[in-house]
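First comes the structure, then the notes that go with it.
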Amino acid sequence: MSQVLHTPPQTQGAPHGDLAALAARHGLTVSGARPSLPEYIRQLWARRHFITAFATAKLTAQYSQAKLGQVWQVMTPLLNAAVYYFIFGVLLETKKGVADFIPFLVTGVFVWTFTQSSIMAGTRAIGGSIGLVRALHFPRAALPISFCLQQLQQLLFSMAALLIILFAVGVPPALSWFLVLPALTLQFVFNAGVSMILARLGANTPDISQLMPFILRTWMYISGVMWSIDNLLEKHQGMPTWVADLLRANPAAVYIDLMRFALIDSFHAGQLPPHVWLVATGWALLAGVGGFIYFWKAEETYGRG
């Protein structure tokens, strides 16, 4: 009895298009290939519960080794505000001419910390979770978004302390407090977008996480966290107009000013940059949409190498 041995067709040297057609005919796809943008958004939305749970777990574990535990979620930003008050408010006297300086300062510190912590977490989102990235298949944008959500939860703890400070210094509740919700929403979108940009850059160049603290510290000092931009512009009236416009349009300063306007009765609309809500929305869309697309374009590269 004879047996015929059938060997598979030789594909060595076959054109790439023929191989792709052969794979498609048998239902094969590239492992880890980047999905289309609408499909990527759908996959991300399907994992929204994972994103929320991951953010909450990270926040809970953040101070799990400390004896005071979750108390540090409120104490850390308050201690930062106290240090800044002593250095800038007392020693450098930036509180002169600023009504309700303590709420003014604490609001600036809390809102700035939200942006700073989100961006720093974003730079390490891929490299710091490389085991998870390589072990499981999921939209990688879930990581920087979850880290930003973690920092938003941290800010909400801080806001409870801020409300106590507002009551203590005699700032009355007002309907403008409801403006906190759209202001925080826009800031979260902006933070998430910048975090995704830096997550992609940090995945390829880990040294960025070492450089970012210096960039963020410089950004903080020009964002009016510890001092009033209006007071600065009044003292330096010869400052070029474009410099003043840049200071006012600085996204960190815009979101800080919106929160101060919402919460502090003495911070009036005249202290806000022109068209402030349009500027805040523009920054959120530019960073959020642009950062998301920029991160998605490198989706198949994360965790490789």
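Note that the working numbering has the sequence shown beginning at 1, numbered continuously upward. Note that the Cβ used here is the ideal one computed from N, Cα and C, for glycine as well.
What residues in its chain sit with their C-beta under 6 Å from that of residue 34, if we drop five residues either side in the sequence? In the sequence shown, residue 34 corresponds to position 34, counting from 1. The answer, listed in chain order, is 299 and 300.
Report buried or exposed for residue 150, applying the criterion of at least 16 other Cβ atoms within 10 angstroms of its Cβ. Sequence index remark: in the sequence shown, residue 150 carries index 150 (1-based). Answer is buried; the Cβ neighbour count reaches 16.
Only counting the same chain, and skipping five residues up and downstream in sequence, which positions put a Cβ closer than 6 Å to that of residue 157? Stepping through the sequence shown from its first residue, residue 157 is reached at position 157. Cβ within range, chain order: 73 and 74.
Below 7 Å CB to CB, which residues in the same chain sit around residue 203 once its five sequence neighbours on both sides are set aside? Start at 1 with the first residue of the sequence shown, and residue 203 comes out as number 203. Excluding sequence neighbours, residue 203 sits near 126, 127 and 302.
Let me confirm a value: residue 187 is counted as buried when at least 16 other C-beta atoms fall within 10 Å, else exposed. Which label applies? As a first step, residue 187 must be located in the sequence shown, where it is residue number 187. The residue in question, residue 187, is buried, as its Cβ has 16 or more Cβ neighbours within 10 Å.
Residue of 193, 208, 198 and 91 minimising C-alpha distance to residue 283: To locate residue 283, count along the sequence shown from 1; it is residue 283. Here the closest residue by C-alpha is 193.
Quick check: the stretch 167 to 187 against the stretch 81 to 90, are there 3 or more CB pairs under 8 Å? no
Identify the continuous alpha helix (DSSP H) that holds residue 123 and give its terminal residues. Locating residue 123 in the sequence shown gives position 123, where the first residue counts as 1. Counting along the chain, the alpha helix (DSSP H) containing residue 123 begins and ends at 101 to 123.
Can you list, in chain order, the residues of its chain whose CB lies under 6 Å from that of residue 180, leaving out five sequence neighbours each side? Residue mapping note: residue 180 aligns to position 180 of the sequence shown, counting from 1. Counting only Cβ-Cβ distances below 6 Å, and skipping sequence neighbours, we find 262.
Out of 52, 242 and 259, which one is the CA nearest neighbour of residue 276? In the sequence shown, residue 276 corresponds to position 276, counting from 1. Checking every option, the nearest Cα to that of residue 276 belongs to 259.
With H, G and I counted as helix, E and B as strand and the rest as coil, what does DSSP make of residue 39? Position 39 of the sequence shown holds residue 39. In the structure shown, residue 39 sits in a helix (DSSP, three-state: H, G or I).
Cα-Cα separation, residue 211 to residue 198: Numbered from 1 along the sequence shown, position 211 holds the residue referred to as residue 211. Numbered from 1 along the sequence shown, position 198 holds the residue referred to as residue 198. Those two C-alpha atoms are separated by around 12 Å.
For residue 51 and residue 363, the rounded distance between their alpha carbons: The structure shown does not extend to residue 363, since the chain spans only 1 to 305, so no value can be given for it.
Residue 290 versus 45, 242, 189 and 79, residue with shortest Cα-Cα distance: Translated into the one-based positions of the sequence shown, residue 290 becomes position 290. Here the closest residue by C-alpha is 189.
Assuming residue 159 and residue 110 form a contact by the criterion Cβ under 8 Å, report the distance between their Cβ atoms to the nearest whole angstrom. As a first step, residue 159 must be located in the sequence shown, where it is residue number 159. As a first step, residue 110 must be located in the sequence shown, where it is residue number 110. The pair is a contact, with the Cβ atoms about 7 Å apart (cut-off 8 Å).
Determine the direct distance from the alpha carbon of residue 44 to that of residue 296, and round the result to whole angstroms. The residue given as residue 296 occupies position 296 in the sequence shown. The residue given as residue 44 occupies position 44 in the sequence shown. Near 11 Å, if we compare the C-alpha coordinates of residue 44 and residue 296.
Where residue 201 and residue 164 are concerned, what is the direct C-alpha to C-alpha distance, given to the nearest angstrom? As a working mapping, residue 201 is identified with position 201 in the sequence shown. As a working mapping, residue 164 is identified with position 164 in the sequence shown. Each residue's alpha carbon lies about 40 Å from the other.
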